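Each remark here refers to the structure printed beneath this line.
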Amino acid sequence: MKKSFLSIVFLLSILSVNAQSKVGVRIGYIDMDYILENVPDYKEASTQLDTKAQKWKQDIESKKNDITKLKENLKSEKALLTKELIEEREEEIKFLETDLIDYQQKRFGPRGDLAIQKQAIVKPVQDQVFTAVQDIAEAKAYDFIFDKASAMTMLFSAKKFDISDQVIRTITRAEKREEMSKKQQKALEEKQESQDVVSDNPALAERQRLLDEKKAAVKKAQEARIQAAEQKKKDYEARRKKLLEEQKAKKSGTTIDSTSPATPVADKQTETFNKIEDKKIAQDSVKATKEAQRQEAIEKNKKTLEERRKALEEKKKKILADRETARKAQEEKLKEKKN
Numbered sequence: 002m003k004k005s006f007l008s009i010v011f012l013l014s015i016l017s018v019n020a021q022s023k024v025g026v027r028i029g030y031i032d033m034d035y036i037l038e039n040v041p042d043y044k045e046a047s048t049q050l051d052t053k054a055q056k057w058k059q060d061i062e063s064k065k066n067d068i069t070k071l072k073e074n075l076k077s078e079k080a081l082l083t084k085e086l087i088e089e090r091e092e093e094i095k096f097l098e099t100d101l102i103d104y105q106q107k108r109f110g111p112r113g114d115l116a117i118q119k120q121a122i123v124k125p126v127q128d129q130v131f132t133a134v135q136d137i138a139e140a141k142a143y144d145f146i147f148d149k150a151s152a153m154t155m156l157f158s159a160k161k162f163d164i165s166d167q168v169i170r171t172i173t174r175a176e177k178r179e180e181m182s183k184k185q186q187k188a189l190e191e192k193q194e195s196q197d198v199v200s201d202n203p204a205l206a207e208r209q210r211l212l213d214e215k216k217a218a219v220k221k222a223q224e225a226r227i228q229a230a231e232q233k234k235k236d237y238e239a240r241r242k243k244l245l246e247e248q249k250a251k252k253s254g255t256t257i258d259s260t261s262p263a264t265p266v267a268d269k270q271t272e273t274f275n276k277i278e279d280k281k282i283a284q285d286s287v288k289a290t291k292e293a294q295r296q297e298a299i300e301k302n303k304k305t306l307e308e309r310r311k312a313l314e315e316k317k318k319k320i321l322a323d324r325e326t327a328r329k330a331q332e333e334k335l336k337e338k339k340n
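Each residue of the sequence shown is one higher than the last, beginning at 2 in the numbering used here.
As structure tokens, this is what we get:
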């Protein structure tokens, strides 16, 4: 509420200064969230980070499942185990739970990998946006440019003051310039200058939108006509091929003896049989491939579980060794005190 009040006071003060000076104050705003969604480099990096985060979540779920299984096994076997074995298993479960919490904090904590890497991919884009906003403000004489996604609350913002698309074009323009010749750069600048002029004039922007829609409709109709013509050509070729084959079959039928009419039927049966056999072979091949992949996945899972079990055994041995060392050290201290 306090932020909203301060925003209103600030804007009223701007209008007051404007009224006194009788000079127009030019104001614009950007939407940082919208810009981030439409910058290609950020989108690609964000997608890669989401993939990493998804893998980390799967690792966490896997660890949780392992702990749940150990707890269930302990519960079902508790009556058959000695006190020492029960304590050992409980200690193992506690160790795994602590390890899980540490892993969650490492990946998704306030200072975890996700937060750090997200900041790392946002920062370069924010710098580009800041530079682009400065360039636009200087070129078009803006007095104030706000960020709609910032802490400053905007109760209302007319779309005509939104320069987010101009910022995106400026950023992509800079990236394209690095890969273009001087002639291409000049053509691009002329095109984008015309886009900026259109975006600054609502009536012109509406006219441009209608023109673009008309062009798109014409292009779609042309593509439909081309596809229809190609389809007609294919149908014609298919009919022509069929007629030629029928004529050839009739000619060959006149030159052979009376037993020849059975040949096309036999050939057709052979062809049908071959198709069925090919289909069976293909299905068997797919099944064999899937089975091989399944066996490979099972072996891989077994190997992973074995490695995890060995690592856990090593950790347990280390813990027990540390405890034994600590116990002996304590005994030595007690002996020294007694002596």
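Where a beta carbon is used, it is the ideal one built from N, C-alpha and C, also for glycine. Computed from a predicted model, the values in this text were never measured in an experiment.
- Excluding residues up to 5 positions away in sequence, I15, Y143, D144, F145, I146, F147, F162 lie with their Cβ nearer than 8 angstroms to the Cβ of I28 in the same chain.
- Secondary structure at D32: coil, using DSSP grouped into helix, strand and coil.
- Contact annotation: the segment 50-66 touches the segment 92-109, with at least three C-beta pairs closer than 8 angstroms.
- Beta-bridge partners of D148 (DSSP): I31.
- Taking the Cα positions, E214 is about 15 angstroms away from E224.
- Secondary structure note for K56: its alpha helix (DSSP H) is the uninterrupted segment 41-78.
- With a cutoff of 8 angstroms on beta-carbon distance, L50 and I122 are scored as near each other.
- Taking the Cα positions, K84 is about 12 angstroms away from L75.
- Within the DSSP secondary-structure output, D163 pairs in a beta bridge with Y30.
- Spanning the alpha carbons of Q296 and T69 requires a straight line of approximately 26 angstroms.
- With fewer than 16 other Cβ atoms inside 10 Å of its own Cβ, D103 counts as exposed.
- Beyond the five residues adjoining it in sequence on each side, G113 comes within less than 7 angstroms, by CB distance, of Q106, K107 in the same chain, given in chain order.
- DSSP places T132 in the uninterrupted alpha helix (DSSP H) bounded by 114-141.
- Using a Cβ-Cβ distance cut-off of 8 angstroms, the segment 160-174 and the segment 126-143 are in contact, since at least three pairs of beta carbons, one from each stretch, lie closer than that value.
- Take the alpha-carbon of K252 and the one of K235: they are about 26 angstroms apart.
- Rounded to whole angstroms, A229 and E238 show a C-alpha spacing of 14 angstroms.
- The C-alpha of I320 is placed about 49 angstroms away from the C-alpha of E38.
- Remark: C-beta atoms of L71 and I94 approach each other more closely than 8 angstroms.
- If you draw a 10 Å sphere on the C-beta of I31, you find 16 or more other C-beta atoms in it, and that means buried.
- The DSSP-derived three-state label of T83 is coil.
- Cβ atoms of M33 and A150 come within 8 angstroms of each other, at about 4 angstroms.
- Counting of Cβ neighbours within 10 angstroms places V26 among the exposed residues, the total staying below 16.
- Cα atoms of Q127 and T52: separation of roughly 23 angstroms, rounded to the nearest angstrom.
- Beyond the five residues adjoining it in sequence on each side, R90 comes within less than 6 angstroms, by CB distance, of L75 in the same chain, given in chain order.
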